[in-house]
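Just so we're aligned, residue 247 is where the sequence shown starts under the working numbering, counting upward by one. Working notes for the structure below.
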Amino acid sequence: MHIANMRIFVTRAHILNRIYRIDLFKMHVFNPIKIKLLKIYS
């Protein structure tokens, strides 16, 4: 693997990791709200 390819791979992994972390955070924040709403409306 070339150094340039490695760098591209690392940056891509970094971006994906950041997106994944944001998604996890959203799930962590919004899931309890959804569950509460479901409990209220069911």
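Even glycine gets a Cβ: it sits at the ideal position worked out from N, Cα and C. All values derive from a computational prediction rather than experimental measurement.
Asked: Reduced DSSP category for residue 260 - H, G, I as helix; E, B as strand; rest coil; Found: helix
Asked: Same chain only: Cβ atoms within 6 Å of residue 269, ignoring 5 sequence neighbours per side; Found: none
Asked: Proximity test, Cβ basis, 7 Å: residue 263 and chain C; Found: In summary, chain C is missing from the structure at hand, where a single protein chain is found.
Asked: Secondary structure of residue 248, DSSP reduced to three states; Found: coil
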